[in-house]
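Residue numbers for the sequence shown, in the working numbering: 10 to 380.
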Amino acid sequence: MCLEEFTVVVAFCLGSFSSVDFCREYPCGRNLATCISLQSNYTCECQYGFYYSDKNCYRGQVYPATIGVSASYSDSLQTVNSTEYEQLFNNVAAFFEKAFHNLTGYIQTVIVKIQPSKESRNSAPVNVTVTNLFTWNSTVNEASVNSAVQHAINSGGESYVRTYEEATSCAIYQCDTQTTVCEGGMFPECKCKPGLEKTEWDDRSCSACSKNCTAEAHKYCVKENMGPVCRCMTNFKQEDGNCVACPVGYSGEACSDNTELILIIVGTVFGAIILSLVIAVSIISVRAKGKRNPEKRSLIQPEYSNTNRSDDRPGMFPRVQTTSGHANPGYQSNNPYEMRSTNRGHFPERDYDDLYEISREPRGFRMQSRY
10 MCLEEFTVVV
20 AFCLGSFSSV
30 DFCREYPCGR
40 NLATCISLQS
50 NYTCECQYGF
60 YYSDKNCYRG
70 QVYPATIGVS
80 ASYSDSLQTV
90 NSTEYEQLFN
100 NVAAFFEKAF
110 HNLTGYIQTV
120 IVKIQPSKES
130 RNSAPVNVTV
140 TNLFTWNSTV
150 NEASVNSAVQ
160 HAINSGGESY
170 VRTYEEATSC
180 AIYQCDTQTT
190 VCEGGMFPEC
200 KCKPGLEKTE
210 WDDRSCSACS
220 KNCTAEAHKY
230 CVKENMGPVC
240 RCMTNFKQED
250 GNCVACPVGY
260 SGEACSDNTE
270 LILIIVGTVF
280 GAIILSLVIA
290 VSIISVRAKG
300 KRNPEKRSLI
310 QPEYSNTNRS
320 DDRPGMFPRV
330 QTTSGHANPG
340 YQSNNPYEMR
350 STNRGHFPER
360 DYDDLYEISR
370 EPRGFRMQSR
380 Y
């Protein structure tokens, strides 16, 4: 690049942005108005809900809207002292002055935000958020303001403003959505979220925790990227604006840990199983004690153990008749357990406990108790 071309480029760049501060002499006064230095002029603006007049700010009626203008978007539109911004500013102001010519009390239009169209960054129209300010005693309303703008757009010829859409005051007021909630109509208010409060320099945000965010209330304040947050202490959770203790089985931050509940359930199940086993073992043990060892059971049923039964009742063993009776000196017992024989050793020994024994009587054999 030659020196002449370089000089032309620098001159063009310097011409796009003003190096002159038109607000240096406080043309908007030293009170509430703010001076904005444009590329070749300046403008005076007040806080939301106020209009500028004679170096002071006054409360007025506010009608916010989003308009689409015939312009191509560029990053220069975000710089107030650029040529592109001043052109857009002058064209918007001229349009609304013409549109509200027959309405009483119109003062000024303030540009709040400029952004490209959603379809394409370089497409027209550019979306501009504005507020139209009227005096407090003006007789206009939303319907009359909207009607006047639509008439100016459709009156013939190519209008600089192509579209007009009413907006809510909260959409324009720009409260901090992280720490506040916007409430109100024409004059909104940014109210702090629970647990937060404003400081002296806060207007649309809340940068401090409230005074009730204390340990006594089971709360504590923590600074995060989104701002201060009043949280409940560990083992407490938020409920109706208060921090209450976690229910049984839950713990941790915001009572999100249910490990204790799982342990309680598992312990209860295992306890029930163990109790059932103990009861079953006890029942089996009691029943086992009530039963005799089969090897020691009597071979004679108890129903036949009555020694007082009559002689006519049949016995368990048949009676043996002898020729000489009990006094017969030649009597020999037929009971193999009582026979005195050299072969007795071949008989098996008695391996059971019998409560009864057989006695010899003149009339035969009779069972009598051994005890």
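All C-beta atoms, glycine included, are put in the ideal place defined by N, C-alpha and C.
task: Determine the closest residue to Asp84 out of Gly77, Tyr94, Ile76, Thr75, with distance taken between C-alpha atoms.
output: If we check each option's Cα against that of Asp84, Tyr94 comes out closest.
- request: Answer with buried or exposed for Ala289, where buried requires no fewer than 16 other C-beta atoms within 10 angstroms of its C-beta.
  value: By the 10 Å Cβ count, Ala289 comes out exposed.
Span separating the alpha-carbon of Ala108 from that of His160: So the two alpha carbons sit approximately 8 Å from each other.
message: So, under 8 Å CB-CB, Thr140 and Ile181 are touching, yes? Tell me the CB distance rounded to an integer number of Å.
response: Contact annotation, Thr140 with Ile181: C-beta distance approximately 6 Å; criterion of less than 8 Å satisfied.
query: Exposed or buried, which one is Ile123 when buried takes at least 16 other CB atoms within 10 Å?
result: With 16 or more Cβ atoms within 10 Å of its Cβ, Ile123 is classed as buried.
- prompt: Exposed or buried, Gly166, counting other C-beta atoms within 10 Å across all chains shown (16 or more means buried)?
  reply: So Gly166 ends up on the exposed side.
message: Extract the residue ranges of the alpha helix (DSSP H) inside the stretch 151-188, only unbroken runs of 4 or more that lie entirely within it.
response: Fully enclosed alpha helix (DSSP H) runs of 4 or longer: 151-162, 178-182.
task: Go ahead and pull the three-state DSSP assignment for Thr113.
output: In this structure, Thr113 counts as coil in the three-state DSSP scheme.
- request: Could you tell me whether the stretch 146-165 touches the stretch 56-75, using the rule of 3 or more Cβ pairs below 8 Å?
  value: Taking 8 Å as the limit for Cβ pairs, the verdict is that the stretch 56-75 does touch the stretch 146-165.
field: Reference Glu151, options Ala281, Met195, Cys191, closest by Cα
entry: Selected option, being the one with the closest Cα: Met195.
message: So the candidates are Met242, Ser79, Asp211; which of them puts its Cα closest to the Cα of Thr172?
response: Check the Cα spacing between Thr172 and each of Met242, Ser79, Asp211: the tightest is with Ser79.
- prompt: Counting pairs of Cβ atoms below 8 Å between the stretch 208-227 and the stretch 63-71, do you hit three or more?
  reply: Segments in contact, no.
message: Which same chain residues end up closer than 7 Å to Val18 when comparing Cβ atoms and leaving out the 5 residues on each side of it in sequence?
response: Low local confidence applies: a pLDDT of 35 at Val18 is under 50, so the model's placement there is unreliable, with the coordinate-based value given in what follows. Cβ neighbours of Val18 beyond the five flanking positions: none.
query: In three-state terms, what does DSSP make of Thr92?
result: In the structure shown, Thr92 sits in a helix (DSSP, three-state: H, G or I).
task: Could you name the residues that DSSP lists as bridge partners for Val68?
output: The sequence shown places Arg at residue 68, rather than the Val named in the question. Per DSSP, Phe59.
- prompt: CA-CA distance, Thr188 and Gln56?
  reply: Near 21 Å, if we compare the C-alpha coordinates of Gln56 and Thr188.
query: For the 8 Å Cβ check, are there 3 or more pairs between the stretch 262-276 and the stretch 215-231?
result: By the Cβ test, the stretch 262-276 is not in contact with the stretch 215-231, since fewer than three Cβ pairs between them sit closer than 8 Å.
field: Ala102 beta carbon less than 7 Å from that of Cys66
entry: The answer is no: Cβ separation not under 7 Å.
- prompt: Quick one: does Tyr35 have its CB under 7 Å from some CB of chain B?
  reply: This model lacks chain B altogether, as it is built from one protein chain only.
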